[in-house]
Ligand SMILES: Nc1ncnc2c1ncn2[C@@H]1O[C@H](COP(=O)(O)OP(=O)(O)OP(=O)(O)O)[C@@H](O)[C@H]1O
Ligand SMILES: [Mg+2]
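Protein chains in written order, with the numbering used here: chain A, 1 to 269; chain B, 270 to 596.
Quick look at the structure:
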């Protein structure tokens, strides 16, 4: 008789396996070099020119703006794209059929996108640094780094939900594009959201990164006026919205899976 | 039959809805399965035969937890495929085959490593296990090549390697030899047989009657979402017509001649097929009375007539079944 017992599934191992696969796929596909390596350079140059001379902290502005643009591309877009690829390759079926809950596969992909998003952020930093010739003045470097990683976390929480959309349907490119637009405008990654007409503000507030980014600006740009409520409410808003996203992610994959099993569109692409 | 079937379905149905149009949606309903009752004994190979669109893949996907049924019940290893899917998934394997379903840009070994991790195969055993399945499907030599460089047959072998990596108790194979050359197909069948001797229950679908005949002690024929026959190979042969088949080939036959043949004792069915300039009449016989000589004598005046007796193949039975159902 075949083995009666089955090995236990390790979530962290499944997540690592998915991360490893993402790295292997990245290295095997040179087209990724464009969004991950070249786009940050362009964003960096544009942001530098855009903000040049705009106050003493324009370098920080440029780095945050361009960094967010490229990290958005990596973290959010990349996450959805990785799942869309699973559809395209027909690997979504065997993956869902395995005993590992799909959310851990997504987690691995999102982790990789966070890492490559950080690389993009690093490239932006170097480009702006090279353009300016000197590093930006950051009042609280340690706080900056911690908050920066927190911003990544909030981005990842959005990325996971985008992935769920891709599992749900092959038509998620549409959601993704609308989301991308909403993100650029709503979160105020290039310019503070408060400069926008009032009605756009609520859109941004649904995104955890909006709050986190505003907090990051408070921290690193003295005299910054973002949301009138200030630094700590920003942090609170970011934590709460991120928790909501994570909570939704925790339950949504099982529901999405049931939906696709009922529809029978797992292998559509 | 053993008390607990490895696979059991009762009144299983599945309807697909596809939509066309954006604003004014037109819904098309396809009844892929229309009430399937089937029980399969453990530790054997069971074959599901059926023409294109019969519902074989739909059936296999429901049994392997990739699709929910619309109605009815299905269980594998005594566990419900919907309610107990988490229990079942590590214990079953699925090979859908084809060009898709693999990570083409990385090599076979990394494909297998990924799935070994998703199945929680103990880390210490992982590499050895991968080595042994690669060996078993005969891909060791290509293990470090990117899958995109693989031929169709090699991809099929890799699909099977992934399907058996976690040592499932029940393995579903959806058309395992489709698109393979005769040699690879034979190797694959050999592999399938060797799995059963390890105690795996195999459920395979196929279009090829000879394949089912060669591999499967028991067979079911599916047509238009229903099981139209379920038996042993010998039993199926008896099901339609008789046990004997005579073939007469010549440059065309007249209706009068066919009528004469139909009047011979024991003839239950005559099928006519064109073969280029020639016509072949296949006679199904229920008794021993009529011999090839009798047929020869009933068709005088044909210079190029050849009559021979051959074993009734499962193919004959199968075509009768799906034809009858089609009418
Ligand atoms: N996802 C789907 N959406 C809509 N219809 C579907 C879907 N999958 C299958 N069908 C329909 O269900 C019926 C049965 O299909 P299925 O793939 O199960 O047949 P099959 O026996 O495996 O055929 P083949 O031998 O060609 O593989 C067909 O009419 C098919 O068009
Ligand atoms: Mg099929």
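Every residue, glycine too, gets a C-beta built ideally from N, C-alpha and C.
Contact test: residue i Cβ vs ligand 1 heavy atom, cutoff 6 Å
i	result
residue 323 of chain B	yes
residue 481 of chain B	no
residue 53 of chain A	no
residue 220 of chain A	no
residue 301 of chain B	yes
residue 287 of chain B	yes
residue 264 of chain A	yes
residue 65 of chain A	no
residue 319 of chain B	yes
Selection from the options that minimises the alpha carbon distance to residue i
i	options	result
residue 372 of chain B	B:496, B:361, B:424	B:424
residue 202 of chain A	A:160, A:130, A:241	A:241
residue 85 of chain A	A:169, A:130, A:143, A:129	A:169
residue 537 of chain B	B:546, B:554, B:299	B:554
residue 336 of chain B	B:352, B:590, B:539	B:352
residue 49 of chain A	A:129, A:8, A:111, A:91	A:129
residue 584 of chain B	B:311, B:310, B:320	B:320
residue 343 of chain B	B:312, B:400, B:325, B:282	B:282
residue 301 of chain B	B:455, B:398, B:279, B:494	B:494
residue 581 of chain B	B:513, B:418, B:366	B:513
residue 64 of chain A	A:218, A:231, A:267, A:6	A:218
residue 570 of chain B	B:438, B:515, B:526, B:455	B:526
residue 57 of chain A	A:224, A:259, A:268, A:262	A:224
residue 38 of chain A	A:123, A:216, A:207, A:133	A:123
residue 92 of chain A	A:166, A:231, A:5	A:166
6 Å Cβ shell around residue i - same chain, five flanking residues per side excluded
i	result
residue 121 of chain A	67, 71
residue 467 of chain B	none
residue 576 of chain B	517, 561, 564, 565
residue 559 of chain B	533, 534, 535
residue 460 of chain B	none
residue 299 of chain B	285
residue 595 of chain B	Any reading at residue 595 of chain B needs caution, since the residue's pLDDT is 42, under 50, leaving its predicted position unreliable; the model's value is listed next. Counting only Cβ-Cβ distances below 6 Å, and skipping sequence neighbours, we find nothing.
residue 270 of chain B	Confidence at residue 270 of chain B is low in this model, with a pLDDT of 48, below 50, so its placement is unreliable and the value that follows should be read with caution. The residues are 310.
residue 277 of chain B	308, 344
Any non-hydrogen atom of ligand 3 closer than 6 Å to residue i Cβ
i	result
residue 50 of chain A	With respect to ligand 3, the structure offers nothing, as its ligand set consists of ligand 1 and ligand 2.
Closer than 8 Å at the beta carbon, the chain E residues around residue i
i	result
residue 390 of chain B	In the structure shown, chain E cannot be found, because the protein chains are A and B.
Beta-carbon proximity list for residue i, same chain, < 8 Å, skipping 5 on both sides
i	result
residue 548 of chain B	518, 519, 520, 521, 522, 541, 542
residue 403 of chain B	377, 378, 381, 409, 412, 430
residue 356 of chain B	348
residue 248 of chain A	161
residue 95 of chain A	86, 102, 105
residue 31 of chain A	none
residue 164 of chain A	106, 249, 252, 253, 256
Neighbourhood of residue i by C-beta distance below 7 Å, restricted to the same chain and skipping five residues each side
i	result
residue 333 of chain B	361, 363, 441
residue 339 of chain B	282, 283, 284
residue 384 of chain B	431, 434
residue 374 of chain B	415, 417
residue 426 of chain B	406, 407, 408
residue 143 of chain A	219
Mind listing, in chain order, the residues whose beta carbon lies closer than 7 Å to a non-hydrogen atom of ligand 2?
B:325, B:326, B:443, B:444, B:474
On the three-pair Cβ rule with 8 Å, is the region 307-323 of chain B touching the region 480-489 of chain B?
yes
Are there three or more Cβ pairs, one per stretch, closer than 8 Å when the region 98-106 of chain A is compared with the region 137-148 of chain A?
no
Is it a yes or a no for the region 141-154 of chain A touching the region 204-218 of chain A, going by three-plus beta-carbon pairs under 8 Å?
yes
For the structure I just gave you, are there three or more beta carbon pairs, one from the region 468-482 of chain B and one from the region 431-448 of chain B, closer than 8 Å?
yes
Measuring CB atoms only, is the region 377-395 of chain B touching the region 497-507 of chain B, in the sense that at least three cross pairs come out at less than 8 Å?
no
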